[in-house]
Structure formats: C-alpha cells, structure tokens
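Just below is one structure, and these are the notes that go with it.
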Amino acid sequence: MSIQTVSGLRSVLQAAVVIAAVSAVAAPAQAITFNLGGISVPGEGVKSSVAGSTTIDFNGAPLGSSNGYTSGIASFLGQGSIVNGTVEGRYIAPSPDDISNYLTLGAPEEPGPVSIKFNSLLNYLGVFVGSINNFNRLEFYQNGSFVHEALFAGDGSPNSFVYVNFFSQGSTDLFDEVRLFSSEAAFEVDNIAYRTEFPSTTPVPTPALLPGLIGMGIAAYRKRKPQSLAQPETANL
1 MSIQTVSGLR SVLQAAVVIA AVSAVAAPAQ AITFNLGGIS VPGEGVKSSV
51 AGSTTIDFNG APLGSSNGYT SGIASFLGQG SIVNGTVEGR YIAPSPDDIS
101 NYLTLGAPEE PGPVSIKFNS LLNYLGVFVG SINNFNRLEF YQNGSFVHEA
151 LFAGDGSPNS FVYVNFFSQG STDLFDEVRL FSSEAAFEVD NIAYRTEFPS
201 TTPVPTPALL PGLIGMGIAA YRKRKPQSLA QPETANL
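Just so you know, we're using the numbering used here here: the sequence shown kicks off at 1 and counts up by one.
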C-alpha cells in the first residue's frame with residue numbers, strides 16, 4: 001500500500017492545506033483520486049464543472065429531515081437535515097455567498113450519519129464543502145463494500161470552503177453509495193454532483209495539482225473498516 005503526503009499553503013482562502021493520500025488497493029492506478037475546482041454561482045456557492053455530471057443542489061427540497069429525500073438516481077437516508085442560512089452552534093452556510101438550501105449533519109438535531117445511495121455505479125462525485133472541520137468524513141462504498149474514505153482537516157471557519165472532485169480510476173473503485181459522518185456540529189455540503197458514464201480518460205491529480213487544494217485539507221484518504229450508519233465516529237488521523 002503506497003502513501004503520498006503533500007503540503008501546501010495558499011492565501012486565497014487563508015487556510016493551510018495538508019493532504020495524505022493512501023491507496024486502498026495494491027495498484028496505485030486503481031484508486032479514487034481528487035482535485036479541486038468548480039464554477040462559482042451567485043447565491044449558490046460553487047458547482048461542479050465536470051462534463052456529464054448531474055447536480056443535487058437541494059434548492060427545490062423541503063426544509064427539514066433529509067431522510068427519504070430523493071433526487072434523480074439518488075436517495076438520502078439517515079439523520080441529516082436540509083437547511084438554509086446559519087444557526088449558531090448548529091450549522092453554518094457552506095460559504096458567505098451560498099444563500100441556498102444545503103445538507104447538514106453533526107448537531108444533536110441531526111447527528112448523522114447520512115447515506116446517499118445511487119441506483120447506478122458512479123465514477124465521479126463532486127461536493128461543495130463548507131466550514132470544514134477535522135471531524136468531517138466521507139466514505140465510498142460499492143455494493144455495500146467499503147472502497148475509500150476522505151478525512152478533512154479544518155477549524156470550522158466560515159471562510160474554509162472548497163469544491164472537491166473525486167474520480168474513480170477503474171472498476172474496483174466505482175461506487176454506488178457515499179456516507180457522510182460528523183461527530184460534532186457540523187458537516188455542511190451543497191451542490192453534490194455525480195456521473196455514471198465512464199470517459200475514456202479521467203482527470204488524475206498530479207503532484208503539481210495537489211498543493212492547489214485550497215480552503216480545506218483532505219487530511220487522510222485511505223482504506224478502513226466500514227462504519228455503521230447508526231454509530232458515527234470521530235475521524236482519527
């Protein structure tokens with residue numbers, strides 16, 4: 001199993017970036033990779049710029065529990081809430097410019113975790129993540145089997161936000177479920193994008209791109225044992 005660590009510092013969003021990427025399979029080429037980037041949309045934060053992707057922006061969703069919410073081929077389960085704005089001590093809008101609806105979990109009112117199940121295998125997931133904390137975590141699954149996880153690092157600042165794109169590199173890393181965990185308030189996400197097609201070439205982050213991850217830290221990206229949806233745990237680096 002190979003481990004790569006990259007450190008970088010950018011002042012754009014006044015945050016340091018530390019990334020440790022850990023392959024979940026023996027062959028490094030068969031791994032979910034990630035990079036940053038998206039399209040800024042006034043009033044809605046940042047959305048995916050990946051061709052062929054579909055975005056869940058929650059704008060037409062009813063406020064309240066996200067359990068049972070569906071959008072396209074995606075179904076949401078677990079203890080999350082679809083909200084708008086900021087409630088001190090409970091959740092913060094993903095970015096100062098995002099005044100639209102979004103998904104949150106981690107507070108006592110919506111402790112999580114949240115499972116997003118898709119009725120097709122995906123090769124891409126994009127997520128707009130706001131007020132990033134080191135207790136936020138994403139896990140990827142294929143047919144119920146764990147594939148990868150992404151641990152985030154941040155201090156919860158309203159100015160720590162980023163659009164992160166995850167790409168599968170082979171059939172072993174396709175996924176049909178994503179689980180979100182947060183042991184505290186809160187994990188706020190918006191503009192979740194996905195893609196079912198598998199292009200002939202998929203963007204792969206290079207060492208030159210990895211230090212460009214701004215406004216957040218993907219503290220660790222590795223294989224671990226699956227977590228029960230009923231028992232969220234703090235992510236340990």
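For every residue, glycine included, the Cβ atom is placed at its ideal position computed from N, Cα and C.
If you're wondering where the values come from, they're calculated on a predicted model, not measured in any experiment.
Asked: If you reduce the DSSP assignment to three classes, tell me which class Ser75 lands in.; Found: strand
Asked: Starting from Ser81, follow its DSSP beta bridges and name the residues at the other end.; Found: Ser65, Thr104
Asked: What are the residues that DSSP puts in a beta bridge with Gly193?; Found: It is Ala, not Gly, that sits at residue 193 in the sequence shown. Answer is Thr55, Gly126.
Asked: Mapping the DSSP letters down to three states, classify Asp173 as helix, strand or coil.; Found: helix
Asked: Please look up how many angstroms separate the CB atoms of Ser66 and Ile82, rounded, as I've assumed it's under 8 Å.; Found: 5 Å
Asked: Please name the residue, chosen from Leu63, Phe181, Phe34, Gly170, that lies closest to Ile132 on a Cα-to-Cα basis.; Found: Phe181
Asked: Name the DSSP beta bridge partners of Gly45, please?; Found: Val41
Asked: Measuring CA to CA, which of Asn136, Thr104, Ser168, Ala31 is closest to Asn191?; Found: Thr104
Asked: Could you tell me the alpha carbon to alpha carbon distance between Glu44 and Ala31, rounded to whole angstroms?; Found: 31 Å
Asked: Quick one: using the 10 Å Cβ neighbour count with 16 as the cut-off for buried, is Ala51 buried or exposed?; Found: exposed
Asked: Given 8 Å as the limit, is there contact between the stretch 146-162 and the stretch 55-72, that is, 3 or more CB pairs closer than that?; Found: no
Asked: So Val162 is in the beta strand (DSSP E); what residue range does that whole segment cover?; Found: 162-167
Asked: Applying the 10 Å Cβ sphere with the 16-neighbour rule, what's the burial state of Gly68?; Found: exposed
Asked: Which residue wins for smallest C-alpha separation from Asn136, given the options Ala186, Ser40, Pro62?; Found: Ala186
Asked: Quick one: grab the DSSP three-state call for Asn133.; Found: strand
Asked: Going by the CB atoms, is the gap between Phe161 and Ser95 shorter than 7 Å?; Found: yes
Asked: Within 10 angstroms of the Cβ of Asn165, are there 16 or more other Cβ atoms? Answer buried if so, exposed if not.; Found: buried
Asked: So what's Ser120 in DSSP terms, helix, strand or just coil?; Found: strand
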